[in-house]
Amino acid sequence: MIDIFLTPEIMSLSSDIVLGCITSDVVVAPSDSSFVSLMENESIRQHYLPNALVDLPRISALRKFYKTIGNDPARYRGSAEALLRRLAQGKGLYYVNNVVDINNLLSLQSHFSVGAYSTEKLMSPVYFGIGKTGDSYPGIGKGIVNLGQLPTFFDAHGPFGSPTSDSVRSMITLQTKKLLMIVISFSGPDGVSDTMALGCELLGKFANARNIETKMVERGAL
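For reference, each letter of the sequence shown is one residue, going 422 to 643 in our numbering.
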């Protein structure tokens, strides 16, 4: 398991941040029809009116934290809210590959933002902290993502992920062999273990995951 820590700064801002971390070897490929059916069924179940999304407890907790650090959560949405909002607007789901699609299913079902990263592109240790003014990276399908005052994952090479948008550097591709998946909670540990367990199950079934390891990272554990 790669070393992952919360920075003192982010711990000083909230005692409710919990990271549920999964590492494994994976085989990345297009999602098969059985997974697509599972995803489509979940998309039907997770259909909310757009104005109801902000009241979902886990999404509300992320939005509250973003406001605490000076960001507008209507401009910088968490990935779970963005997916649910896409469904609410009738835009439907998109499919990338089995690992990314599993990641999105976990976000849809749990309402946590979940990140998936190519471990080969990272250097241990990894930190979760607050981005500084001038921090940025090319985001996946988003151009340059400015990370000032956003919750951000970074390693020795710089920032690579956030609950809002992840970087091209660490994205999952067909060449990825080793995965780091992180369930990001701003509402404490409730539901994180269950989401991790489901993630491990889905990765084993649909991404041939092997050598799976899990770890919870939270303020009280440091």
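Beta carbons: idealized from backbone N, C-alpha and C, even for Gly. This one's a predicted model, so the numbers in the text were calculated from it and none came from an experiment.
| Asked | Found |
| --- | --- |
| Span of the alpha helix (DSSP H) holding Arg506? | 500-509 |
| Does the distance from the C-beta atom of Ile523 to that of Leu623 stay below 7 Å? | yes |
| For Ile593, is the classification buried or exposed, using 16 other Cβ atoms within 10 angstroms of its Cβ as the cut-off for buried? | buried |
| Report the option in Lys512, Gly441, Thr616, Phe581 whose CA atom is closest to the CA atom of Ser545. | Phe581 |
| Which stretch, first to last residue, makes up the beta strand (DSSP E) that contains Val638? | 631-639 |
| Taking all protein chains shown into account, decide if Lys488 is buried (16 or more other Cβ within 10 angstroms of its Cβ) or exposed. | exposed |
| Give, in chain order, every unbroken run of the beta strand (DSSP E) that is at least 3 residues long and sits entirely within the region 556-626. | 557-560, 564-567, 572-576, 579-582, 599-606 |
| Would DSSP call Ile423 helix, strand or coil? | coil |
| Could you check which residue in Gly560, Glu461, Asp476, Thr554 has the C-alpha nearest to that of Leu529? | Glu461 |
| For Ala537, write down the residues that DSSP places opposite it in a beta bridge. | Met602 |
| So the candidates are Gly609, Pro478, Leu543; which of them puts its Cα closest to the Cα of Ser588? | Leu543 |
| I'd like the list of long-range same chain contacts for Met617, defined as Cβ closer than 7 Å, with 5 residues on each side in sequence excluded. | Gly441, Ile443, Val604, Thr635 |
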